[in-house]
Amino acid sequence: MSKDSHDISSLFPELAPRVVPVLVPMPAERPYSYMVPAGMNVQPGSIVRVPLGPREVAGIVCEGETDAVDARKLREISEVFDCPPVGADMLRFMRWAADYTLSPPGMVARMVLRVPAAFDPEPSVPGLRYSGGEPERMTDARARVMELARDGLAWTRSGLAHAAGVSMTVVD
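Numbering (the numbering used here), first residue to last: 6 to 177.
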């Protein structure tokens, strides 16, 4: 019996690791193949973070076949960015642009992925919301703040102070 005949993925193809082509921002003629970790959901157009040499880069999952590479030699996708995938029209345009300009598809992907920080989640902004109660000593400035805060919207400290025409110490 050969060594491959004992491979569980040959007996149960549904257990075989899923491999997808990923365009990385390098002058590569073809996408690189990466394994999709269990539980991760990617589709063509998904923007992912993948290991490339000693660093990690953003890449775009594309359509098409992957190279026949031993799964043990493949690296896994590190992360799927929480942003909408690149649309099918854009993927077609990227292929067209690469063909028309005789450029490697990876360099066209580089233009699309030019600002990798744009895919990072936005930092949360602390907000204030009226939760009931009144200050011990009600002043005109505090009354203006309370009137605005009662509308049920979340406010930033500076936004509430500016809208009420008071200093931030009144809001605190």
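Heads up, the beta-carbon is just placed ideally off N, CA and C, and yes, glycines get one too. Here the structure is a predicted model, which means the values were calculated and not measured.
Given residue i as reference, the closest of the options once Cα atoms are compared
i	options	result
Glu139	Thr71, Ala154 and Val130	Ala154
Val27	Thr71, Met143, Ala169 and Val130	Thr71
Arg100	Pro36, Glu81 and Val85	Pro36
Cys88	Gly58, Gln48, Val29 and Gly164	Gln48
Reduced DSSP secondary structure (H/G/I, E/B, other) of residue i
i	result
Pro90	coil
Val66	strand
Val27	strand
Met143	coil
Met40	strand
Ala33	coil
Leu96	helix
Leu118	coil
Residues that DSSP places opposite residue i in a beta bridge
i	result
Pro1	The structure shown does not extend to residue 1, since the chain spans only 6 to 177, so no value can be given for it.
Glu127	Partner(s): none; Glu127 has no beta bridge.
Inter-residue CB distance, residue i and residue j (contact presumed, cutoff 8 Å)
i	j	result
Pro90	Ser136	Not really, about 39 Å apart at Cβ, beyond 8 Å.
Val55	Ser38	That pair is no contact at about 10 Å.
Decide yes or no for the touch test of the region 35 to 45 against the region 119 to 129: beta carbon pairs closer than 8 Å, at least 3 of them. no
Report yes or no: do three or more beta-carbon pairs, one from the region 95 to 107 and one from the region 57 to 64, lie closer than 8 Å? no
Validate contact between the region 109 to 116 and the region 69 to 88 using beta carbons, cut 8 Å, 3 pairs: no
Please determine if the region 125 to 134 and the region 142 to 151 are in contact, where contact requires at least 3 C-beta pairs separated by less than 8 Å. no
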